[in-house]
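The structure appears below as structure tokens.
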Amino acid sequence: MLEARLEQAGVLKKVVDAIRDLVQDINFDCNDSGIALQAMDNSHVALVSMLLKSEGFSPYRLDRNIALGINLTSLTKVLRCAQNEDILTLKAEDTPDTLSLIFENAENDRISEYELKLMDIDQEHLGIPETEYAAAISMPSAEFQRICRDLIQLSDSVTIEASKEGVKFSCSGDIGSGSVTLRQQNNVDKPDLSTKIELTEPVTLTFSLKYLVNFCKASALSSVVTLSLSNEVPLLVEYAMGSGFVRFYLAPKIGE
Amino acid sequence: EGTQSTITQFFEGR
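As they're listed, the protein sequences go chains A and B.
If you're matching positions, the first sequence starts at 165 in my numbering and goes up one per residue.
If you're matching positions, the second sequence starts at 17 in my numbering and goes up one per residue.
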């Protein structure tokens, strides 16, 4: 059986909010490392990979690996019944038909118990190759969100150009064109507001903004986002949490 | 703007 207790229900709520517009039916794969998921959107242009590490739960008990097939719209409905500060416990049998979710308030005088019906989900798992990216940019997640939301007003696509001078997000559409350039800067007082660029070679890639705007729904998870790019491979957009991560991969637009 | 590629062109099934 699985028993996993999370100090703050808000963490799972934020994770689900971050991915539920991209993927609908998913498996939570529970193993010794924690609770993981990997899923592609319907068009196979984007892939989401999430891990809530077992260390983030206390306790985390698991007798054998199980997959919990979940419809995220249904899970969202149940999670709305939890307060962000509630303690959340997930429980499931070894061959589960349902997932139990127990919410307890911090004062320990309210316990809510919900059962979510599980589904059989046949999910394709992809091997994500270890990649030495040519450029890795870490920046405030709110800044990245603003740039994507601004540029999508002008165009469907954004070209991201990383060089030693900085990172340039540019687009052009029917009404005109626009760009935002960020230079590397180190904010000593507020490190989360720094922009860091690690570069082994310059990179220029074009991506669909619709997906990037969607990824930015994960901004609530982390004040910092990391973009990793190499020519001709999918972009990696990572939001790291205290004990886990949500990673999005986005296939580039290629050629003319 | 280029042609949209897919994730499966880069990552293999296992």
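No residue lacks a Cβ here, since even glycine has one placed at the ideal position from N, Cα and C.
Just so it is clear, the structure is predicted and the values come from calculations on it, not from any experiment.
#1: Can you name the start and end residues of the alpha helix (DSSP H) that GLN309/A belongs to?
#2: Please confirm whether THR370/A has its beta-carbon closer than 8 angstroms to some beta-carbon of chain B.
#3: Tell me ARG225/A's beta-bridge partners as DSSP assigns them.
#4: Use the C-beta contact count for GLN25/B: other C-beta atoms within 10 angstroms, 16 or more gives buried, fewer gives exposed.
#5: So, at 6 angstroms on beta carbons, what are the nonlocal neighbours of ILE311/A in its own chain, with the 5 sequence-adjacent residues on each side left out?
#6: Taking buried to mean at least 16 other C-beta atoms within 10 Å of its own C-beta, is GLU279/A buried or exposed?
#7: Cβ closer than 8 angstroms: which chain B residues qualify as neighbours of LEU466/A?
#8: Taking a contact to mean a Cβ-Cβ separation below 8 angstroms, would you say ASN248/A touches ALA300/A in this structure?
#9: Residues in the same chain with beta-carbon distance under 8 angstroms from PRO398/A, minus the five sequence neighbours each way, listed in chain order, please.
#10: Which residues does DSSP pair with GLU402/A in a beta bridge?
#11: Among the candidates CYS194/A, GLU219/A, ALA298/A and GLU294/A, whose CA atom is the shortest distance from the CA of LYS255/A?
#12: With a threshold of 8 angstroms between beta carbons, is ALA415/A in contact with chain B?
#13: Alpha carbon to alpha carbon, how far is PRO366/A from ALA326/A?
#14: Tell me the start and end of each unbroken beta strand (DSSP E) in the segment 295-381 of chain A that is at least 3 residues and wholly inside, in chain order.
#15: Using the rule of at least 16 other Cβ atoms within 10 Å of the residue's Cβ for burial, across every protein chain shown, is ALA270/A buried or exposed?
#16: If the cut-off is 9 angstroms on Cβ atoms, which residues from the segment 390-401 of chain A count as contacting chain B, listed in chain order?
#17: Which same chain residues end up closer than 7 angstroms to ASN191/A when comparing Cβ atoms and leaving out the 5 residues on each side of it in sequence?
#18: What residues match up with SER213/A in a beta bridge as DSSP calls it?
#19: Strictly below 8 angstroms CB to CB, what residues from chain B border SER321/A?
#20: Compare the beta carbon distance of GLY337/A and SER319/A with 8 angstroms and say whether it is the shorter of the two.
#21: Look at the alpha carbon of SER383/A and the alpha carbon of LYS177/A, and state the distance between them as a whole number of angstroms.
On the basis of the coordinates in this document:
#1: Its alpha helix (DSSP H) spans residues 305-315.
#2: yes
#3: GLU167/A
#4: exposed
#5: PHE333 and VAL344
#6: exposed
#7: Because chain A here runs from 165 to 420, residue 466/A falls outside it and cannot be looked at.
#8: no
#9: LEU211, TYR413, LEU414, ALA415 and PRO416.
#10: THR390/A and ARG411/A
#11: CYS194/A
#12: Yes, its Cβ sits closer than 8 angstroms to a Cβ of chain B.
#13: When rounded, the distance between both Cα atoms is 6 angstroms.
#14: Correct list: 299-304, 321-327, 330-337, 340-346, 360-363 and 367-372.
#15: exposed
#16: GLU396, VAL397 and PRO398
#17: LEU201, ALA231, LEU232, GLY233, ILE285 and GLN287
#18: GLN202/A and ARG411/A
#19: GLU17 and GLY18
#20: SER319/A is positioned such that its CB atom lies closer than 8 angstroms to that of GLY337/A.
#21: 13 angstroms
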